[in-house]
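All the letters of the sequence shown, read from the start, carry residue numbers 58 to 409 under my numbering.
Where a beta carbon is used, it is the ideal one built from N, C-alpha and C, also for glycine.
Quick caveat: nothing in here was measured; it's all calculated off a predicted structure.
Just below is one structure, and these are the notes that go with it.
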Amino acid sequence: MEVFMKINEVIRKHRKEKNMTQEEMANRLGVTAPAVNKWESGASMPDISLLAPIARLLNVSLDELLSFKEELSEIEVSSIIKEIYEMFDTEPIETVYQRILEVTKEYPNAESLLLSLIGIFNSRCVILGVDKNEEYDKWIQGSYQNLLFSHDEEIRVGAADGLYALYIRKEMYEDAERCLRYFSAKDPDRKRKLATIYYGKGQYEEAYKTLEAEVLANYQTMSVMLLEIFMVAVKTENFEKAQVIIEKESALAELFEMGEYHKNAGKLELAVALKDSKETLRLLDCLLSTTNTVMDYTKSKLFEHMTFQEVNPTIFQTLRVNTLKHFSEDDTYKFVRESEGWEAFEKKWMTA
């Protein structure tokens, strides 16, 4: 929530800027120095009849003197927003617009409130088909641009997001691209926005590459998150949940055409967690037989516009060797080595 300068801080700030003592100010206003001291300390407020003389003495407008209020509570912000929404149902859009202007003048530093009001008004203009009104567009654009100078990063990003959408709708792609500098390079939505700009400018190849790279990155993120959930489930011995999660992780790999190896890797982890030696050997055999599918996604139509490094075939043999060594030496898999099927399995793969 935005914090506003209080009237006592406004008086103290401007008095000091004029190199005026509290006593000098008191003499000019016909009050006592202790009265001025109480105003500046926040112990009391000036009488309403003194507001105009104080504003003239400090060379500020009454709006400036009075508009710096204490921060609005969330309830107050919600109340204002609710009022605006209700007005849209009962009043002409011009009346709502004028009310929003009044609110923004009354609370000029309430940046989060202003950001919400701009977004609400802009959306309603689009819905009602009046988004081509030059006055409204100018206000929306100007208000967003002003908020780009906020000290609050969240406000700046919100304003940039609003401006980006406005520029995209108006097919102002160069302006839209400039908005992207307000977004972190790690923002998952930044590349999608860039792809939209590429598409709008007719740079379809670049749009494809950008979107496909994001699809692949999102798959990898979702897969890792599911495996993390799986590990938590195993740690808490919630094997029913662990099985559900691994089935979904496998289905995800199939959906994104990751290849047989990726479809079964998680299932092997589940079999190990359950100490199911028979299923572990079956899945391990499956993985060793399909190591050459690890990079199958590079052949998928999903990612056909992406450029991948050529894979050295020896990587598949290295993967098989390391996997076998892991199962042959790690104590975690002792239950597998002691199982009935291990000897035949070992004979098959150790001599392969």
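- Under the three-state reduction of DSSP output, ASP218 falls in the helix class.
- Below 8 Å, too few C-beta pairs join the segment 325-334 and the segment 234-254 to call them touching: fewer than three.
- Distance check between TRP399 and each of GLY257, ARG181, ASP333 and GLU148 places ASP333 closest, using alpha-carbon atoms only.
- Annotation for GLU74: the continuous alpha helix (DSSP H) segment containing it runs 64-74.
- In the three-state reduction of the DSSP assignment, PHE392 falls in the helix class.
- The Cβ-Cβ distance between ALA310 and SER280 falls below 8 Å.
- By a beta-carbon distance limit of 8 Å, ASN76 does not contact SER98. Their separation comes to about 20 Å.
- Using a Cβ distance threshold of 8 Å, MET363 and LYS243 do not count as a contacting pair.
- Nearest to ASN116 by C-alpha distance, out of MET82, LYS305 and LEU129, is MET82.
- With a cutoff of 8 Å on beta-carbon distance, TYR164 and LEU129 are scored as near each other.
- With respect to the C-alpha of THR348, the residue from THR337, TYR354, SER357 and ARG377 having the closest C-alpha is ARG377.
- Per the coordinates, the alpha-carbon of SER106 lies some 19 Å from the alpha-carbon of HIS71.
- Leaving aside the five residues that flank THR350 on each side, the residues in its chain whose CB is nearer than 7 Å to its CB run, in chain order, GLY316, GLU317 and TYR318.
- Look at the segment 106-158 and you find these whole runs of alpha helix (DSSP H), each 4 residues long or longer: 108-115, 119-124 and 131-147.
- Beyond the five residues adjoining it in sequence on each side, ASN275 comes within less than 8 Å, by CB distance, of PRO245 in the same chain, given in chain order.
- Here the C-alpha atom of VAL88 lies approximately 22 Å from the C-alpha atom of GLU121.
- Cβ neighbours of THR293 within its own chain (closer than 6 Å, five residues either side excluded): none.
- Note on THR337: 16 or more other CB atoms within 10 angstroms of its CB, so buried under the neighbour-count rule.
- Using a C-beta cut-off of 8 Å, the segment 171-184 makes contact with the segment 209-228, since at least three inter-stretch Cβ pairs fall below that distance.
- Taking SER135 as reference, the option from GLU269, LEU170, GLN300 and GLY259 with the minimal CA-CA separation is LEU170.
- Its chain contains LYS332 and SER334 as the residues whose beta carbon lies nearer than 7 Å to that of PHE392, once the 5 sequence neighbours on both sides are disregarded; these appear in chain order.
- For GLN198, same chain residues with a beta-carbon under 8 Å away, outside a window of 5 residues either side, are LEU220 and LEU223 in chain order.
- Straight across, the Cα-Cα distance linking LEU381 with ASP387 is about 10 Å.
- Separation of PHE145 and GLU151 (C-alpha to C-alpha, rounded to the nearest whole angstrom) is 10 Å.
- By the criterion of a C-beta distance shorter than 6 Å, THR161 is surrounded in its chain by LEU171, once the five residues flanking it on both sides are discounted.
- Secondary structure in the segment 204-288: the alpha helix (DSSP H) runs of 4 residues or longer, each lying completely within the stretch, are 210-226, 230-236 and 247-257 in chain order.
- Across the set SER207, GLN202, GLU191 and THR147, the C-alpha of SER207 shows the shortest separation from the C-alpha of ALA167.
- Out of ARG156, ALA290 and SER173, the CA that lies nearest to the CA of GLU131 is found in SER173.
- If the five residues before and after ALA299 are omitted, its C-beta is found closer than 7 Å to the C-beta atoms of PHE287, ALA290, VAL291, LEU327 and ALA330, all from its own chain and listed in chain order.
- Exclusion of the five residues before and after LEU86 leaves VAL93, LEU107, PRO110, ILE111 and LEU114 as the residues of its chain whose Cβ lies within less than 8 Å of its Cβ.
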